[in-house]
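Quick notes on the structure that follows.
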Amino acid sequence: MDFLFEFFSSTALALLGALILDRWLGEPQSWHPLIWFGNWANYYRRTWQVSLSASSSLQRLNGVMAWSLAVLPCAMVLTLILWMLPSWLEWLLGTVVLYFTIGWQSLREHALAIAKPLHDQDLPKARAAVGRIVSRDTSELDETQIAKASMESVLENGSDAVFAPIFWFLVLGPFGAILYRLSNTLDAMWGYKKPDLLHFGWCAARIDDVLNFIPARLVVLTYALFGNSKRALHCAWHQGRGWKSPNAGPVMAAGAGALQVSLGGTAIYFGEAQQRPALGEGPDPKAGDLDRAVELVDKGVYLWALLILVLI
């Protein structure tokens, strides 16, 4: 092992090990730490969430407290463990932490579970598969709408579930990776603009926006490198800013532009139709375009891994 450290940093080796583990083992289903964290976070939501009749400032303050109590103890325990471990074990802990915080193989498996029935024109099965990764109503989607929903999810989650954890691992080590993943999980749980979460989930949503800001812009450049670069950057700049999420918009617009397809448009969320801005330029996507979206993320991961091995 020592000779490897002479050529590569422990950070680069941890990244390589985590990516290999993720592709080999995939995401644990029944014992993933995020399942435990979700139960932990739900306890603090039940404890701190107040009635909707309370003032918005009190709801936000309690949301800040719930976020802090859910996330910070976990991050502090990890920091303590890192401090106590011998230096030669740091790379191993980094590998394990990063493995649990990225979802590259899981993203691929979910996308391929949609793509196969979509290729076979089995729309009921494709609708059921896409319903497992998006929050919109999928019961009446046609082929184009299924392809749109799944491609948007792949492109956005490529940033959230793969590239952003890697970025924060590079910046702050295992602490950064787990801080990001827990924050992103709370945004997925609490960051909806529904009456019961509009103010309580404000903190979780804003922190996630901040943590994703730089990684999302790097992902825009990454997607642009492996497709129509000019169109990807144009769409990210001119279309992404009009999206409801300041980070998802540019990322999805860049991916759609790179792949030269049109995403966005009307979608049903929680029983209500939402008119969303158009993303990308080109024809509506089909089943094969979902495969291309997965390939786009894969190529980006390979590029990041290569650059980190060479430069860090």
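Sequential numbering of the sequence shown, starting at 84, is according to our numbering. Just so it is clear, CB atoms sit at the ideal spot from N, CA and C, and this is done for glycine as well.
Within a Cβ cutoff of 7 Å, which residues of the same chain sit near residue i, ignoring the five residues on either side of it in sequence?
i: Trp174; result: Ser93, Leu96 and Ala97
i: Arg215; result: His193
i: Gln142; result: Val133, His282 and Phe283
i: Asn311; result: Gly340, Ala341 and Gln343
i: Ser139; result: His282
i: Ala307; result: Ala315, Leu316, Ala337 and Ala341
i: Asp292; result: Pro329 and Asn330
Less than 6 Å between C-beta atoms, sequence neighbours within five positions excluded: which residues of the same chain meet that for residue i?
i: Ile351; result: Arg219 and Asp220
i: Val380; result: Gly241
i: Leu280; result: Trp273
i: Gly323; result: Gly332, Pro333 and Ala336
i: Leu195; result: none
i: Ile391; result: Ala95 and Leu98
On the criterion of 16 or more Cβ atoms from any shown chain inside 10 Å, does residue i qualify as buried, or is it exposed?
i: Asn145; result: buried
i: Trp387; result: buried
i: Glu235; result: buried
i: Ala356; result: exposed
i: Asp203; result: exposed
i: Gln358; result: exposed
i: Ile261; result: buried
i: Met167; result: exposed
i: Val184; result: According to the sequence as given, residue 184 is Thr; it is not Val. It counts as buried.
i: Arg128; result: buried
i: Pro111; result: exposed
i: Leu172; result: exposed
i: Val213; result: buried
In chain order, what residues of the same chain have a beta carbon less than 8 Å from the beta carbon of residue i, not counting five sequence neighbours either side?
i: Asp225; result: Leu206
i: Thr268; result: Leu117, Phe120, Gly121 and Ala124
i: Gly325; result: Gly332 and Pro360
i: His115; result: Phe183
Sort out for me which residues DSSP pairs residue i with in a bridge.
i: Ile351; result: Ala356
i: Leu144; result: None; Leu144 has no bridge partner.
i: Ser345; result: Gly363
i: Arg219; result: Tyr352
Rounded to whole angstroms, what's the CA-CA distance from residue i to residue j? Just pull it up for me.
i: Ile290; j: Val147; result: 10 Å
i: Pro368; j: Leu255; result: 38 Å
i: Ala230; j: Leu316; result: 22 Å
i: Phe90; j: Leu342; result: Residue placement at Phe90 is poorly supported in this model, since its pLDDT is 44, which falls under 50; the coordinates are not used for a value here.
i: Glu192; j: Gly338; result: 19 Å
i: Gly347; j: Phe296; result: 21 Å
i: Leu135; j: His282; result: 9 Å
i: Leu389; j: Gly259; result: 21 Å
i: Gln132; j: Gly109; result: 35 Å
i: Trp187; j: Thr130; result: 33 Å
i: Val303; j: Pro200; result: 29 Å
i: Pro156; j: Ser222; result: 40 Å
i: Gly365; j: Ile164; result: 51 Å
i: Lys208; j: Ala232; result: 15 Å
i: Met335; j: Pro257; result: 27 Å
i: Tyr385; j: Ala137; result: 49 Å
i: Trp251; j: Thr227; result: 35 Å
i: Ser266; j: Lys313; result: 33 Å
i: Trp150; j: Asp374; result: 37 Å
i: Lys382; j: Met159; result: 34 Å
i: Leu42; j: Ser189; result: As displayed, the chain neither begins before 84 nor continues past 395, which places residue 42 out of reach and without an answer.
i: Leu161; j: Ala319; result: 36 Å
i: Val245; j: Lys277; result: 27 Å
i: Ala211; j: Asp105; result: 25 Å
i: Ser345; j: Asp372; result: 11 Å
i: Leu294; j: Ala153; result: 17 Å
i: Ile395; j: Thr349; result: 43 Å
i: Gly177; j: Arg264; result: 14 Å
i: Val237; j: Ala271; result: 15 Å
Could you spell out where the alpha helix (DSSP H) holding residue i opens and where it closes?
i: Lys382; result: Ala370 to Leu394
i: Ala271; result: Ala247 to Trp273
i: Trp107; result: Ser93 to Leu108
i: Ser242; result: Where Ser242 is concerned, there is no enclosing alpha helix (DSSP H), given that its DSSP letter is neither H nor E.
i: Asp292; result: Trp285 to Leu308
i: His193; result: Trp187 to His202
i: Ser134; result: Run containing Ser134: none; DSSP gives neither H nor E here.
i: His282; result: Here His282 belongs to no alpha helix (DSSP H), and DSSP marks it neither H nor E.
i: Lys313; result: Ser312 to His321
i: Trp174; result: Glu173 to Thr184
i: Leu206; result: Leu206 to Val213
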